[in-house]
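Each position in the sequence shown, counted from 1, maps to that position plus 119 in the numbering used here. Input: a single structure, listed below in structure tokens.
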Amino acid sequence: MAISVVLLLLSVQWSWAQEDPLLPFSEHLDPEHNVQLKWGFDEIQGTILFELTVNTSGWVGFGFSPKGGMTGADIVIGGVRPEGNYFTDRHAGGNSMPVIDQKQNYKLVSLNESNKKTVMKFLRSIEACDENDLTITNLPMKLIYAYGQTDDITYHSTQRGTKEVNLLKYMPRVNPPNSKYFDMTMVNFTVPTNQTHYHCKIMKAPKFDRKQHIYRIEPVITNFDLVHHLLLYRCPPTVTEPLEGECYTSFRTNQCMETIAVWGVGGAAFELPELAGLPIGGNVGDFLYRLEVHYNNANKTAGRVDNSGLRFHYTSELRQHDAAVLGTGLVVASGYAIPPKAKSFLTYGLCDTAYISQVLEAPQDLQVFSVMLHTHLAGRKVRVGHFRGGKQIDFLAVDENYDFEYQDVTNLGKTKTVKLGDKLLVECTYNTENRTALTWGGLSTSDEMCLAFLFYYPAMNLSGCMSFPNITTLRSEMGTPVLNNWLSMMSMKSWNDTSINQYQQTLKRIDQLVVIADSFKNISRNTGLIPNLSVIPSAPCMSGCDTRSLASLSLLLCLAVQFMQKYY
Numbered sequence: 120m121a122i123s124v125v126l127l128l129l130s131v132q133w134s135w136a137q138e139d140p141l142l143p144f145s146e147h148l149d150p151e152h153n154v155q156l157k158w159g160f161d162e163i164q165g166t167i168l169f170e171l172t173v174n175t176s177g178w179v180g181f182g183f184s185p186k187g188g189m190t191g192a193d194i195v196i197g198g199v200r201p202e203g204n205y206f207t208d209r210h211a212g213g214n215s216m217p218v219i220d221q222k223q224n225y226k227l228v229s230l231n232e233s234n235k236k237t238v239m240k241f242l243r244s245i246e247a248c249d250e251n252d253l254t255i256t257n258l259p260m261k262l263i264y265a266y267g268q269t270d271d272i273t274y275h276s277t278q279r280g281t282k283e284v285n286l287l288k289y290m291p292r293v294n295p296p297n298s299k300y301f302d303m304t305m306v307n308f309t310v311p312t313n314q315t316h317y318h319c320k321i322m323k324a325p326k327f328d329r330k331q332h333i334y335r336i337e338p339v340i341t342n343f344d345l346v347h348h349l350l351l352y353r354c355p356p357t358v359t360e361p362l363e364g365e366c367y368t369s370f371r372t373n374q375c376m377e378t379i380a381v382w383g384v385g386g387a388a389f390e391l392p393e394l395a396g397l398p399i400g401g402n403v404g405d406f407l408y409r410l411e412v413h414y415n416n417a418n419k420t421a422g423r424v425d426n427s428g429l430r431f432h433y434t435s436e437l438r439q440h441d442a443a444v445l446g447t448g449l450v451v452a453s454g455y456a457i458p459p460k461a462k463s464f465l466t467y468g469l470c471d472t473a474y475i476s477q478v479l480e481a482p483q484d485l486q487v488f489s490v491m492l493h494t495h496l497a498g499r500k501v502r503v504g505h506f507r508g509g510k511q512i513d514f515l516a517v518d519e520n521y522d523f524e525y526q527d528v529t530n531l532g533k534t535k536t537v538k539l540g541d542k543l544l545v546e547c548t549y550n551t552e553n554r555t556a557l558t559w560g561g562l563s564t565s566d567e568m569c570l571a572f573l574f575y576y577p578a579m580n581l582s583g584c585m586s587f588p589n590i591t592t593l594r595s596e597m598g599t600p601v602l603n604n605w606l607s608m609m610s611m612k613s614w615n616d617t618s619i620n621q622y623q624q625t626l627k628r629i630d631q632l633v634v635i636a637d638s639f640k641n642i643s644r645n646t647g648l649i650p651n652l653s654v655i656p657s658a659p660c661m662s663g664c665d666t667r668s669l670a671s672l673s674l675l676l677c678l679a680v681q682f683m684q685k686y687y
């Protein structure tokens, strides 16, 4: 039995070693490229996974330092001896041998040595677990490393160093030698005095003889106080002529709905991971694109001229995968309302990927690596639940402190697989305690939305996967089947905690119209029900195996027991 468990663990460890999606980020910590760090994290579970590869057959050390030196550093040291592996969680009081922590809060996943390389993979909590650990924050952290050529852990005068890296908000600055960029912007557009205006410009992108990959997207904003968000859509082949005008007022602007890029208030540049790029040119086709700029002219000022848009950095050095963006959440329309005086009101948007095959001939699983969550002013939280086989298996993304003024495309920390047949539920929480009237779903900043834009690969010709409450059922459930009567009732209703809760439960209970659209406006319409979204508890602090004197077989058994405890 023990041997079979060991073999099982070895198999799992091997599969993890091959599973690049768990370690999407990579940095060389030294100029000579002798020390490479790969990592991935799960903010929902509260864990971070590291893989350190060092060109040595001796001991290796890695850690976090408050100021870049040994003093106060949180360190792990490991290596491979003939009698077995060693791996310890330590801390340093100064320029002396780091002391072994009383609590071992790092968990060794694998440790091996071959061809004069040592590869150490280990897991820890993002939060500090005791007074000798350092919390991994959203800010750049000083990473320290050291190694020796033997397993005699001694002073390291040259084989050491420090590098500052933002582990949780990582954005690589990759600059291929042949990289260039182009802009797609408004040109001298005079912003109307309306408080809300959506302006659209259908235009051609630069023409490329062969496919290129866009690897970085930057906002080009000339009026930060007016521009609320930017979206770039790819048009279907039926749209062949440029056009400029107010969005959603003509059939032609409504045709271009496949999201290519997105930017929101407070967002910065976005860099795609090194294995994926947004395709343009070549066999992608000579499509037109629609730039949508949402202007929020709160003071209704006249005469403001704007040239905002997006800058796309591209390269002919193609990456492994074509990436794309899928819009999910609640269909933006005025058929639902958020009541006033609500402290915490929930809305839901359902995506059932089982229906993708109704609009695509050969759909594939989605490998999701980044997301942008979006509501308007009343939004307080956004959660994207992930369901498989009728059960919630994860959160795809969560923002428990959503801030309208800071909307950014964020890395998930690892690539998450959405299998065909999985369901995604976008849940938004709103606060309308300071409002006296209904807040309707809609385009205005004072209206509301509940959206999650998923960046994934391999690219498919998908536009959106969203849902909307069955309005006929909603009116019937609330005792007002006639539309005008329902609108009057909603507007005149005396909203309190009881009536707000009853309305929210009705919205959740009734059937949803699930809509999936491809790039060419082919649409499937089905029905579905909102599943229950639960909170997945964060992982506790790591409890690592004490490997100071363990033989390799004992270490494997220890890890095997921990694996069985976690997954069975």
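Don't be surprised by glycine CBs; every beta carbon is placed ideally from N, CA and C.
Which of helix, strand or coil DSSP assigns to residue i
i: P398; result: strand
i: D665; result: Residue confidence is low: D665 scores 45 on pLDDT, short of 50, so the model does not pin down where it sits. No coordinate-derived value is stated.
i: L573; result: strand
i: S215; result: coil
i: L258; result: coil
i: I196; result: strand
i: S435; result: coil
i: A324; result: coil
i: I475; result: helix
i: R371; result: helix
i: L562; result: coil
i: P140; result: helix
i: M305; result: coil
i: P356; result: coil
i: Y467; result: strand
i: L351; result: strand
i: D425; result: strand
i: E151; result: coil
i: H440; result: strand
i: P295; result: coil
i: T420; result: coil
Limits of the unbroken beta strand (DSSP E) element including residue i
i: N604; result: N604 -> not in any beta strand (DSSP E); alpha helix (DSSP H) instead, spanning 602-611.
i: Q511; result: 510-518
i: A443; result: 443-449
i: N415; result: 407-415
i: C547; result: 542-549
Spatially closest choice to residue i from the options, by CA coordinates
i: A388; options: A421, P361, C366, L349; result: L349
i: T309; options: T529, D425, G182, F587; result: D425
i: N231; options: P185, P356, T175; result: T175
i: H318; options: H347, P338, Y334, D328; result: H347
i: I245; options: K226, N234, K236; result: K226
i: R335; options: E202, A452, M608, L397; result: L397
i: T434; options: G561, K500, V293; result: V293
i: K627; options: L449, R507, T555, E552; result: L449
i: N257; options: E283, D270, P338, A265; result: E283
i: C366; options: R329, T341, T315; result: T315
Cβ-based burial, residue i [other Cβ within 10 Å; buried from 16]
i: M611; result: exposed
i: T666; result: With a pLDDT of 40 at T666, under the threshold of 50, the predicted position of this residue should be treated as unreliable, though the coordinate-derived value follows. So T666 counts as buried.
i: Q331; result: buried
i: G213; result: exposed
i: F574; result: buried
i: K535; result: buried
i: K462; result: exposed
i: S215; result: exposed
i: Y549; result: buried
i: G197; result: buried
i: N530; result: buried
Beta carbon of residue i nearer than 7 Å to that of residue j
i: D86; j: G280; result: Residue numbering for the chain in the displayed model covers 120 to 687; residue 86 lies beyond these limits and cannot be assessed.
i: G546; j: L652; result: The sequence given here has Glu at residue 546, not Gly. Yes, the Cβ-Cβ distance between E546 and L652 is below 7 Å.
i: K419; j: T312; result: yes
i: L156; j: L171; result: yes
i: Q526; j: G428; result: no
i: A442; j: Y576; result: yes
i: T558; j: I457; result: yes
i: Y474; j: S233; result: no
i: G159; j: G532; result: yes
i: Q631; j: S582; result: no
i: G180; j: A265; result: yes
i: G468; j: C569; result: yes
Residue range of the unbroken alpha helix (DSSP H) whose run includes residue i
i: E596; result: 590-596
i: Y622; result: 616-628
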